[in-house]
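Each residue of the sequence shown is one higher than the one before, starting from 1 at the first, in the numbering used here.
C-beta atoms are modelled at their ideal positions from N, C-alpha and C, and glycine is treated no differently.
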Amino acid sequence: MADRKPIESWLTDMDGVLIHEGVPIPGADAFIKRLRESGKPFLVLTNNSIYTQRDLHARLSRMGLDVPAEHIWTSALATAKFLSDQRPNGTAYVIGEAGLTTALHDVGYVLTDTDPDFVVLGETRTYSFEAMTKAVRLINDGARFIATNPDETGPSAEGALPATGAVAALITKATGVEPYFVGKPNPLMMRAGLNAIGAHSENSAMIGDRMDTDIVSGMEAGMTTFLVLTGLTQATEVERFPYRPTRVVDSIADLVDLI
Numbered sequence: 001m002a003d004r005k006p007i008e009s010w011l012t013d014m015d016g017v018l019i020h021e022g023v024p025i026p027g028a029d030a031f032i033k034r035l036r037e038s039g040k041p042f043l044v045l046t047n048n049s050i051y052t053q054r055d056l057h058a059r060l061s062r063m064g065l066d067v068p069a070e071h072i073w074t075s076a077l078a079t080a081k082f083l084s085d086q087r088p089n090g091t092a093y094v095i096g097e098a099g100l101t102t103a104l105h106d107v108g109y110v111l112t113d114t115d116p117d118f119v120v121l122g123e124t125r126t127y128s129f130e131a132m133t134k135a136v137r138l139i140n141d142g143a144r145f146i147a148t149n150p151d152e153t154g155p156s157a158e159g160a161l162p163a164t165g166a167v168a169a170l171i172t173k174a175t176g177v178e179p180y181f182v183g184k185p186n187p188l189m190m191r192a193g194l195n196a197i198g199a200h201s202e203n204s205a206m207i208g209d210r211m212d213t214d215i216v217s218g219m220e221a222g223m224t225t226f227l228v229l230t231g232l233t234q235a236t237e238v239e240r241f242p243y244r245p246t247r248v249v250d251s252i253a254d255l256v257d258l259i
């Protein structure tokens with residue numbers, strides 16, 4: 001840390017860092033409050049593409065975390081930004097929820113199942129065989145394949161659920177076409193987020209609970225990285241990876257005084 005510039009902007013993952021199973025992690029409220037009082041640019045990130053910024057603002061508010069909607073950055077928003085940059089005002093066949101369809105509408109995309117530029121796969125709790133079949137046929141006919149994130153499973157009260165990465169693998173098996181994943185661990189999601197708040201990687205930090213997504217993408221984007229031990233990666237697992245976070249801390253509470 002001594003060789004890096006002071007941290008002037010912050011990116012933090014949501015699940016495992018600020019909340020766990022719908023409950024705020026101790027120190028999360030103080031961290032968000034300090035960030036807002038400081039006036040420093042910040043974003044709360046999630047690979048989940050189901051919800052809109054307003055949805056997530058409301059969900060966090062009910063947990064006692066006051067995060068303005070404009071400070072929330074999802075894989076759906078990053079995907080929409082990427083597609084808008086690549087092919088402005090294009091067309092897409094979308095498998096996903098309101099978080100993804102709203103983001104695409106907002107950048108001027110038309111959603112269609114007739115000769116789309118892209119097939120865009122996101123998170124949903126209602127993956128249908130009909131929709132996947134349509135995606136396979138459109139990709140075989142030349143549509144480009146994009147997925148919001150590579151997460152293979154997601155959590156639920158009953159246990160693991162198949163998520164975007166697992167369904168993407170099914171479509172890839174049927175088409176022979178690999179998707180381009182926009183969300184973490186692709187550093188593109190981080191860089192697009194930094195651009196959205198006018199921040200620079202050399203004086204920005206990424207906080208995460210997973211070495212294989214949050215930390216590697218933050219590192220590859222050129223940011224200071226903090227691993228918290230309140231989520232998936234445990235302290236004993238850090239040495240298994242060929243890269244390291246800038247610093248490992250017990251929880252978000254340990255970072256409040258750095259703001």
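Continuous alpha helix (DSSP H) stretch holding G208: start and end:
Here residue 208 refers to the residue found at position 208 of the sequence shown. Going by DSSP, G208 is part of no alpha helix (DSSP H) but of the beta strand (DSSP E) stretching over 204-208.
So, with DSSP's three-state summary, where would you put Y243?
Residue 243 sits at position 243 when you count from the first residue of the sequence shown. Here Y243 sits in coil by DSSP.
Validate contact between the stretch 175-186 and the stretch 130-145 using beta carbons, cut 8 Å, 3 pairs
Enough Cβ pairs lie closer than 8 Å, so yes.
Whether A92 touches P116 by CB criterion (8 Å):
The residue given as residue 92 occupies position 92 in the sequence shown. The residue given as residue 116 occupies position 116 in the sequence shown. It is a contact, given that the beta carbons lie within the stated cut-off.
CB L229 to CB G208, shorter than 8 Å?
Position 229 of the sequence shown, counting from 1, holds the residue named residue 229. Position 208 of the sequence shown, counting from 1, holds the residue named residue 208. No, the Cβ-Cβ distance between L229 and G208 is not below 8 Å.
What is the C-beta distance between G99 and Y51, in whole angstroms, given that I count them as a contact (C-beta under 8 Å)?
Along the sequence shown, one-based indexing puts residue 99 at 99. Along the sequence shown, one-based indexing puts residue 51 at 51. Rounded, the Cβ-Cβ distance is 5 Å, consistent with contact.
Enumerate in chain order the residues of its own chain whose CB-to-CB distance from A69 is below 7 Å, with the five nearest sequence positions on each side excluded.
The sequence position of residue 69 within the sequence shown is 69, counting from 1. Taking A69 as the centre and dropping the five residues before and after it, the same chain places the C-beta of Q53, R54, H57 closer than 7 Å to its C-beta, in chain order.
Can you tell me where the alpha helix (DSSP H) holding D13 begins and where it ends?
Sequence index remark: in the sequence shown, residue 13 carries index 13 (1-based). Counted as a single uninterrupted DSSP element, the stretch harbouring D13 is not any alpha helix (DSSP H) but the beta strand (DSSP E) occupying residues 9-13.
Would L35 and A28 qualify as a contact pair, given that the criterion is a beta-carbon distance under 8 Å?
Translated into the one-based positions of the sequence shown, residue 35 becomes position 35. Translated into the one-based positions of the sequence shown, residue 28 becomes position 28. Not a contact, by the Cβ cut-off of 8 Å.
In this structure, how does DSSP classify T172 when only helix, strand and coil are distinguished?
Looking up residue 172 in the sequence shown gives position 172. Three-state DSSP puts T172 in a helix.
Cα-Cα separation, I139 to H71:
Residue mapping note: residue 139 aligns to position 139 of the sequence shown, counting from 1. Residue mapping note: residue 71 aligns to position 71 of the sequence shown, counting from 1. Their backbone Cα atoms lie some 34 Å apart in a straight line.
Within 10 Å of its beta-carbon, does A235 have 16 or more other beta-carbons around it, so buried, or fewer, so exposed?
Within the sequence shown, numbered from 1, the residue matching residue 235 stands at position 235. Classification for A235: exposed.
Cβ contact (3+ pairs, closer than 8 Å) linking the stretch 192-204 and the stretch 7-26
Contact holds: three or more Cβ-Cβ distances are below 8 Å.
To the nearest angstrom, report how far apart L121 and K173 are at their CA atoms.
Residue 121 sits at position 121 when you count from the first residue of the sequence shown. Residue 173 sits at position 173 when you count from the first residue of the sequence shown. Roughly 15 Å separates the two Cα atoms.
Exposure label - N89; buried when at least 16 CB within 10 Å
If you number the sequence shown from 1, residue 89 lands on position 89. Classification for N89: exposed.
I need the straight-line Cα distance from G198 to S38, nearest angstrom please.
Residue numbering aside, residue 198 sits at position 198 when the sequence shown is read from its first letter. Residue numbering aside, residue 38 sits at position 38 when the sequence shown is read from its first letter. Per the coordinates, the alpha-carbon of G198 lies some 16 Å from the alpha-carbon of S38.
Option in E152, T233, L232, S201 with minimal Cα separation from M219:
Walking along the sequence shown from the start, residue 219 turns up at place 219. Its Cα nearest to that of M219, the residue S201 stands out among E152, T233, L232, S201.
To the nearest angstrom, report how far apart M1 and T224 are at their CA atoms.
Residue numbering aside, residue 1 sits at position 1 when the sequence shown is read from its first letter. Residue numbering aside, residue 224 sits at position 224 when the sequence shown is read from its first letter. Note that M1 has pLDDT 48, beneath the 50 cutoff, so the model's placement of it is unreliable and no number is given.
Confirm, please, whether the CB-CB distance from V249 to V238 is below 8 Å.
As a working mapping, residue 238 is identified with position 238 in the sequence shown. As a working mapping, residue 249 is identified with position 249 in the sequence shown. Not a contact, by the Cβ cut-off of 8 Å.
Do you know how far the Cα of V256 is from the Cα of G231?
For the purposes of this step, residue 231 is taken as residue 231 along the sequence shown, with counting starting at 1. For the purposes of this step, residue 256 is taken as residue 256 along the sequence shown, with counting starting at 1. Each residue's Cα considered, the two are about 18 Å apart.
Relative to the C-alpha of V110, which candidate in R125, M206, S84 has its C-alpha closest?
Counting from 1 along the sequence shown, the entry for residue 110 is found at position 110. Checked all of R125, M206, S84; the closest Cα to V110 is S84.
Three-state secondary structure assigned by DSSP to T74:
Your numbering for residue 74 matches position 74 in the sequence shown. Three-state result, T74: strand.
Note down, in chain order, each residue of its chain lying with its Cβ closer than 8 Å to the Cβ of T203, except the 5 sequence neighbours on either side.
Here residue 203 refers to the residue found at position 203 of the sequence shown. Here residue 203 turns out to be Asn, not Thr, going by the sequence shown. So the qualifying residues of the chain are R4, K5, P6, I7, E8, S9.
For H105, the three-state DSSP class (helix, strand or coil)
Here the question's residue 105 lines up with position 105 in the sequence shown. DSSP places H105 in helix when its eight states are reduced to three.
Can you find the residues in the same chain that come closer than 8 Å, C-beta to C-beta, to L188, ignoring five residues on each side of it along the sequence?
Your numbering for residue 188 matches position 188 in the sequence shown. Only A78, F82, V182 meet the Cβ criterion.
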